[in-house]
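Working notes, structure below.
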Amino acid sequence: MKNRIAISSFLILTFLLGCKCHKKEIPDGGPCSYNTVFYPATVIELLKADNNMFDLSMTISTPNSNGNDTIYYSYAYGRHMDSTEIKNLNVQIGTAFKYKIMQIETGSCSPYIEQLIMEKFEK
Numbered sequence: 004m005k006n007r008i009a010i011s012s013f014l015i016l017t018f019l020l021g022c023k024c025h026k027k028e029i030p031d032g033g034p035c036s037y038n039t040v041f042y043p044a045t046v047i048e049l050l051k052a053d054n055n056m057f058d059l060s061m062t063i064s065t066p067n068s069n070g071n072d073t074i075y076y077s078y079a080y081g082r083h084m085d086s087t088e089i090k091n092l093n094v095q096i097g098t099a100f101k102y103k104i105m106q107i108e109t110g111s112c113s114p115y116i117e118q119l120i121m122e123k124f125e126k
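Numbering (our numbering), first residue to last: 4 to 126.
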């Protein structure tokens, strides 16, 4: 009888200690909140890839860059821009687009995100 009580107590105690139900875990992916800041990404060169496709070379100045950094549209989006997009966005040397930097404040999502947004930057 004592063995049954000891074994039962051991099994119940093992189950309770092994259960993660009593711990509050933060799930990966959210909810998360970020501090978001926008910087200008200024077009400094239009590079012709072929008859209808272009790449944009842009300069950005952020707290993480010592001076200006150069970024490319093709790197940010994984493709070149076609002439229709260039026309619709009115892309020319000196045009500034949004460069977004997000730093996590709460949650367990990606802690740091940089993203080129093809919308006109306004101060």
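Ideal placement from N, C-alpha and C gives every residue a C-beta, glycine not left out.
Is DSSP giving residue i helix, strand or coil here?
{"i": "K101", "result": "strand"}
{"i": "S77", "result": "helix"}
{"i": "E108", "result": "strand"}
{"i": "P43", "result": "strand"}
{"i": "K123", "result": "strand"}
{"i": "I63", "result": "strand"}
{"i": "Q95", "result": "coil"}
{"i": "Q118", "result": "strand"}
Who does residue i pair with in a DSSP beta bridge?
{"i": "T87", "result": "Per DSSP, none; premise fails for T87."}
{"i": "D58", "result": "L50"}
{"i": "S36", "result": "T109"}
Can you confirm whether residue i, when its beta carbon is compared against all beta carbons of chain B, has any partner nearer than 8 Å?
{"i": "E122", "result": "Checking the listed chains, one finds no chain B in this structure; it contains a single protein chain."}
Could you tell me the distance, in whole angstroms, from the CA atom of residue i to the CA atom of residue j?
{"i": "E117", "j": "N54", "result": "30 Å"}
{"i": "C112", "j": "T73", "result": "27 Å"}
{"i": "K101", "j": "K123", "result": "6 Å"}
{"i": "N67", "j": "A99", "result": "19 Å"}
{"i": "T87", "j": "I96", "result": "17 Å"}
{"i": "I1", "j": "G33", "result": "Look at the range of the chain in this structure, 4 to 126, and you will see that residue 1 is not part of it."}
{"i": "D58", "j": "P43", "result": "18 Å"}
{"i": "T109", "j": "V40", "result": "16 Å"}
{"i": "C35", "j": "Y115", "result": "12 Å"}
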